[in-house]
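A quick write-up on the structure given underneath.
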Amino acid sequence: MAVAAQAIEDRPQLGILMMLVAWYFFAIIDVSAKWLALAGFPAFQLVFMRYAGHLVISVGMIAKDGMTLDRFRTDHIWLVLSRALLLISATLGNFYALSYLPLTIISAIMFSSPIIVCFLSMTILKEKIGPWRWGAIVLGFAGVLIVIRPFGETFHPAMILPLYNATALALYSLMTRKLAGIVATETQQLYLGALGTMLTLPFALWFWIPPQSLLDTVLLIGLGVLGWGGHQLLTNAHRFAPANTLMPYTYSFMIYIAAFSWLIFGDVPDFWVVVGALVIVASGLIIWKREQRT
3 MAVAAQAIED RPQLGILMML VAWYFFAIID VSAKWLALAG FPAFQLVFMR YAGHLVISVG
63 MIAKDGMTLD RFRTDHIWLV LSRALLLISA TLGNFYALSY LPLTIISAIM FSSPIIVCFL
123 SMTILKEKIG PWRWGAIVLG FAGVLIVIRP FGETFHPAMI LPLYNATALA LYSLMTRKLA
183 GIVATETQQL YLGALGTMLT LPFALWFWIP PQSLLDTVLL IGLGVLGWGG HQLLTNAHRF
243 APANTLMPYT YSFMIYIAAF SWLIFGDVPD FWVVVGALVI VASGLIIWKR EQRT
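Take the position in the sequence shown, starting the count at 1, then add 2; the result is the number in this note's numbering.
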């Protein structure tokens, strides 16, 4: 029998706590990936380790109640796989960009995702967008331009990758909302890990670099463990609280990243990165506030 989806519950405090811990895990993943990328590990190897560990844990979580093929079945296979592919491609782009950009710049650009969700809700879901949300969308993209400064000396082509990642994460977020309470979290996790492992395995083997220290080994394994844990918490958070309640707490990631980036890599964001990040956060919070009224 396939794993049943758990019912949606009204427990907003638990959902918020799950979001805060999930984004803390994701911040540690990005810090670990940057450390490993600077040590010379290729992006494909990092992504493979991220999803291979994820897959092993996911199989174990489902198989503990019976190792039958029916346990791994879902009636929404294409939606589950499409959701997984979006996150996998975003992870690859993110890990590649980490070799060239500070963590603070990547996180600031990627957190235009709620703004893109609002824009996609209008274009794909045909939702009506009022002048406040239109203004927030324009404000958010202005913030992205402030961070990127496409015509300035600080511009790097790798800055295009976080923009794609933000779009992929926006679509991933919409699909996560759609699947909440319909497909079990464990099933979504399984297909995410399986697809990520299969797609990156050939490239990982081709570019593979053996870890030379215990720290490198721990960080590589931690990519998968924390990735699974973060997405387990993130997906379950949507069972306990609506997206509008959870959205502001996603910005905790930027606080985590700024602290880790300064403490570990000595990276201090310049004035315009801080300004751009604040503009992006402000636009996201405007959208959140207006959605609460609808």
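Just so you know, even glycine gets a beta-carbon here, dropped at the ideal spot from N, CA and C.
Put simply, of ILE289, VAL277, LYS291, VAL220 the residue whose alpha carbon is nearest the alpha carbon of ARG52 is VAL220. Here LEU216 is exposed. Its C-beta has fewer than 16 other C-beta atoms within 10 Å. Counting C-beta pairs closer than 8 Å gives three or more between the stretch 10-27 and the stretch 238-245, which meets the contact rule. Here the alpha carbon of LEU173 sits roughly 13 Å from the alpha carbon of LEU83. For GLY62, the enclosing alpha helix (DSSP H) covers residues 45-65.
Around the beta carbon of PRO212, fewer than 16 other beta carbons sit within 10 angstroms, so the residue counts as exposed. If only uninterrupted alpha helix (DSSP H) runs of at least 4 residues are considered, those enclosed by the stretch 224-284 are 245-248, 254-262. Cα atoms of ALA99 and LEU89: separation of roughly 15 Å, rounded to the nearest angstrom. Look at the beta carbons and you see the stretch 176-196 touching the stretch 54-69: at least three pairs across the two are nearer than 8 Å. The beta carbon of VAL281 lies closer than 8 Å to those of LEU141, GLY142, ALA144, GLY145, ILE148 in the same chain, with the five residues before and after it left out. Distance check between ILE223 and each of ALA35, VAL23, LEU22 places ALA35 closest, using alpha-carbon atoms only.
Minimum Cα-Cα distance from VAL58 among the listed residues TYR251, LEU236, GLY229 corresponds to GLY229. Inclusion of ASP218 and LEU48 in the CB contact set at 8 Å is not warranted, their separation being larger than that value. Per DSSP, the unbroken alpha helix (DSSP H) holding GLY17 starts and ends at 14-40. Separation of the CB atoms of PRO104 and ASP269 is rounded to 4 Å, and the pair is thereby assigned contact status at 8 Å.
The three-state reading of DSSP puts ILE211 in coil, since its state is none of H, G, I, E or B.
One Cα belongs to ALA239, the other to LEU248, and the distance between them is close to 8 Å. DSSP, reduced to helix, strand and coil, places ASP77 outside both helices and strands of the structure shown, so it counts as coil.
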